[in-house]
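This report refers to the structure that appears directly beneath it.
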Amino acid sequence: MAVSTRQALDASDVARVTVVTSAADIPTVTTELVQTEGVWGGVIGNIPAGEHRHFLARAFDASGTLRYEGRVEDVTISAGVVTLVTLTLESTTPSTPYTNEAPIIDSVVATPTTVAPGARVALTASAHDPNVEDSLSFAWTAPVGTFDAPVLASTRWTAPASTGPVTLVLTVVDGHGAASSVSLKVMVAVGTGGTSSGWSSMGPMATSRSLHTATLLSTGKVLVAGGSGAATAGATAEVYDPASGTWSSTGSMVWGRYMHTATLLSSGKVLVVGDNGAAAAAAEVYDPASGTWSSTGSMVWGRTNHTATLLRSGKVLVAGGSNPYPMAAAEIYDPPTGTWNVTGSMAIGRNGPTATLLPNGTVLVVGGFAGYSIDTAEVYDPASGKWSPTGSLAVGRYHHTATLLPDGKVLVAGGWNGGYLATAEVYDPATGAWSATGSLVTGRILHTATLLPGGKVLIAGGSNGGDLDTAEVYDPATGTWRATGPMTTARIDHTATPLPDGKTLVAGGRTGGKQAEIYTP
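Position 324 (the sequence shown) corresponds to 324 in UniProt numbering; numbering is contiguous.
Spelled out as structure tokens, the structure:
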């Protein structure tokens, strides 16, 4: 936290500065700042993570009279991330207006303040002009690194390859040329992204992708295949090596695909099926040993936006999807023979449901779309090849996520039902019932959900009317969510893959393009 005033001051003008931290869901806390090298500042610790945190700074003279005041509202605080908040204070005794006063920079928020080379800092500024009719322009500058949008109040700065402190400067100019500036310092340090929690950029993929698949191979590497780039389905594939942090091309698929599924087979090979196009019924298998693809038997029904689940038997259950209407049909793939066999159909057609293998070997299918967001769920029994209804959700969901928790229960979060859902609920296979749990910090659709070491769940990206860079973590022990640091870029229709070392690889997306990053819990 750092505060300053627009006016040049005598030492007697300010003798004490306080900052009041408040929000609807936390107690109000008042902190005394200290003056160092002419700047009043300090560290405010133990602020609960979350959105809509407000800061009110007040400066008093030696007699205790309030002289200056400034505030910033709706700051997001992320757990484990240092956020810099800079405030400009204004006199509480308005001076006589004069022509063309300089703009006032109310606040600057930077998250985080220490980053690895190539990582990014989120910057948000607010400013106003005492001459209310005046227009304002923003300009971010730095001696090194790059800004995504240097002329916007909110932007991101990408750190250079070199390490050391970097001073970022924001200059705000009004329509008549009067200007105000504020500077802040960011530290670039090697190893920042790999040793502390949060997000760090990785090398980009060779191809921009969204609606692709990402599969953790038995070698610990990650196979990324297909997807839509510039609205064109791709046949290309590439492999990420966590040991080196690099991507390498591998053999291309027989068919270009997007909105397909990829399933790691017991043999270590990968089965890819479906497509929102010509390859809707086609299936093929990737062999990591040779880096090549080969066709296998075609599905009975072509489909897209379906589910694919590896069963205990080593076979694969494919269910639901659309072609072009919501499908109830399901079928089973047998890897040794490369053939498909029809199995029991679901009670209703479901486009875009989720499917979760339960500890007892059955499969829970939840929600989806059939002209409306579906609130029912059903369970597939591989022994009988039949489906049976189970408890219904509290609200229908589409474009949601479902995650198997360590205790065998299933967390379902977010989705669409006439709006962006923030609610979440938990399914108990023992009772077949759903129970409400804490709501997400941000309602979202088309996000990812990843089980972290320790049993917590990472939700990342998606959309809430616009593509999101925010992420949050669910704690099953408390049934609550907390915001974590934002991704380096907004993402929707991306992938998130848990790595053997406990980190999570996030890649691509409609906004993310080629970019990839790592989340460290």
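Ideal Cβ positions, reconstructed from N, Cα and C, are used throughout, including at glycine. Since we're looking at a predicted model, the values are computed, not measured.
Coarse secondary structure for residue i, derived from DSSP in three states
| i | result |
| --- | --- |
| L440 | coil |
| G234 | strand |
| R257 | strand |
| L9 | Because L9 sits at a pLDDT of 48, beneath the cut-off of 50, its placement in the model cannot be relied upon, and the point is left open. |
| I459 | strand |
| E284 | strand |
| V273 | strand |
| N351 | strand |
| R397 | coil |
| R510 | coil |
| H306 | coil |
| E51 | strand |
| E101 | coil |
| G291 | coil |
| V14 | coil |
| G70 | strand |
| Q35 | strand |
| R58 | strand |
| L358 | coil |
| G198 | strand |
| P521 | coil |
| Q515 | coil |
| L264 | strand |
| I77 | strand |
| G193 | Low local confidence applies: a pLDDT of 44 at G193 is under 50, so the model's placement there is unreliable, with the coordinate-based value given in what follows. Reduced to three states, the DSSP call for G193 is helix. |
| E133 | coil |
| Y325 | coil |
Residue i vs residue j beta-carbon contact at 8 Å
| i | j | result |
| --- | --- | --- |
| residue 523 | T155 | Residue coverage of the chain in this structure runs from 1 to 521, which leaves residue 523 outside it and unanswerable. |
| T215 | L184 | no |
| P143 | V166 | yes |
| A490 | D475 | no |
| H260 | T495 | no |
| G297 | W340 | yes |
| L84 | G70 | no |
| D148 | H128 | no |
| S208 | G229 | yes |
| G338 | S266 | no |
| V182 | T86 | yes |
| S201 | T480 | no |
| A225 | W255 | no |
| S252 | A262 | no |
| A153 | S126 | yes |
| L364 | R397 | no |
| T362 | D381 | yes |
| V121 | F138 | no |
| V108 | A59 | no |
| Y325 | L223 | no |
| G274 | R303 | yes |
| L518 | T504 | Checking the displayed sequence, the identity of residue 518 turns out to be Ile instead of Leu. Yes. Within cutoff. |
| T21 | I47 | yes |
Member of the options whose CA lies at the smallest distance from the CA of residue i
| i | options | result |
| --- | --- | --- |
| L440 | W434, G455, G462 and A433 | G462 |
| T30 | A57, L136 and A278 | A57 |
| T219 | D501, W199 and R444 | D501 |
| S295 | T111, K269 and T520 | K269 |
| M205 | L499, V239 and V273 | V239 |
| A279 | L393, T292, G291 and N323 | N323 |
| V132 | G175, L123 and T111 | G175 |
| R444 | N351, D467, T390 and T437 | D467 |
| A282 | N305, R257 and L358 | R257 |
| L123 | S135, W140, D134 and S162 | W140 |
| G245 | T511, G513, V506 and G512 | V506 |
Range of the contiguous beta strand (DSSP E) that encloses residue i
| i | result |
| --- | --- |
| A449 | T448 to L451 |
| T431 | Neither: T431 is in no beta strand (DSSP E) and is coded neither H nor E. |
| F369 | Neither: F369 is in no beta strand (DSSP E) and is coded neither H nor E. |
| K185 | A179 to V188 |
| D174 | G164 to D174 |
| L216 | T213 to L216 |
| S137 | L136 to T141 |
| P389 | K386 to T390 |
| P498 | T495 to P498 |
| W481 | T480 to T484 |
| W340 | T339 to T343 |
| R156 | S154 to T158 |
| W247 | T246 to T250 |
| L87 | L84 to S91 |
Would you check if the region 33 to 43 and the region 64 to 77 touch, i.e. whether three or more CB-CB distances between them fall below 8 Å?
no
With a cut-off of 8 Å, do at least 3 Cβ pairs link the region 342 to 356 to the region 322 to 332?
Short answer: they touch.
Do the region 425 to 435 and the region 449 to 456 meet, that is, are 3 or more Cβ pairs less than 8 Å apart?
no
Could you check whether the region 411 to 425 touches the region 367 to 378, counting it as contact only if at least three pairs of C-beta atoms, one from each stretch, sit closer than 8 Å?
Using a Cβ-Cβ distance cut-off of 8 Å, the region 411 to 425 and the region 367 to 378 are in contact, since at least three pairs of beta carbons, one from each stretch, lie closer than that value.
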